[in-house]
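Participant: The number in my numbering is simply the position in the sequence shown, starting from 1, with 9 added.
Where a beta carbon is used, it is the ideal one built from N, C-alpha and C, also for glycine.
Quick one: structure below, then a few questions.
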Amino acid sequence: MNIELDESQLLALAGSDQSLLLPIVEDFSMDGLGLIDKMERARADGDIESYQACVHQLKGSSGSLGMMSVYESCVKLEQAGEEDVAEDCLSALREQLQGSVQLALSCLRG
């Protein structure tokens, strides 16, 4: 699995005190996993609008934090549309998110 992190973007957000960004990244981990859960439920229920809103929200948040592999996967999911997304795509996205968060936390902790 490819995990790509834009460390310069992440560190620019952190500024001079990288420890301030640690809880934000940790919160993003929980929120992001929650969004993927919502995406799975929306997909199962055929709720395309909710599915797309969750993908869009995860794309924006991951892009802001420099988690480029998650961002790029979300772009692909948006382009594919809910009906073309296999369940394993969402499982892979979950793994990317977890890997990206771990990489970001390691970067911030030095």
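For Arg52, decide whether its Cβ has a neighbour in chain C, counting only Cβ atoms nearer than 8 Å.
Facilitator: Protein chain content of the structure displayed is limited to a single chain, and chain C is not contained in it.
Participant: Helix, strand or coil: which one does DSSP assign to Met76?
Facilitator: If you number the sequence shown from 1, residue 76 lands on position 67. Residue state, collapsed to three classes: coil.
Participant: Mind checking whether Leu114 and Leu31 have CB atoms under 8 Å apart?
Facilitator: Numbered from its first residue, the sequence shown carries residue 114 at position 105. Numbered from its first residue, the sequence shown carries residue 31 at position 22. Against a cut-off of 8 Å, the Cβ pair of Leu31 and Leu114 comes out as a contact.
Participant: Over what stretch of residues does the alpha helix (DSSP H) that includes Met48 continue unbroken?
Facilitator: As a first step, residue 48 is located in the sequence shown; it is residue number 39 there, counting from the start. Per DSSP, Met48 belongs to the alpha helix (DSSP H) from Leu31 to Asp54.
Participant: Output the distance between the C-alpha atoms of Gly119 and Gln66, rounded to the nearest integer angstrom.
Facilitator: Locating residue 119 in the sequence shown gives position 110, counting from the first residue. Locating residue 66 in the sequence shown gives position 57, counting from the first residue. Whole-angstrom Cα-Cα distance: 28 Å.
Participant: On the three-state DSSP scale, how would you describe Asp15?
Facilitator: Taking the sequence shown and counting its residues from 1, the one referred to as residue 15 is at position 6. Residue state, collapsed to three classes: coil.
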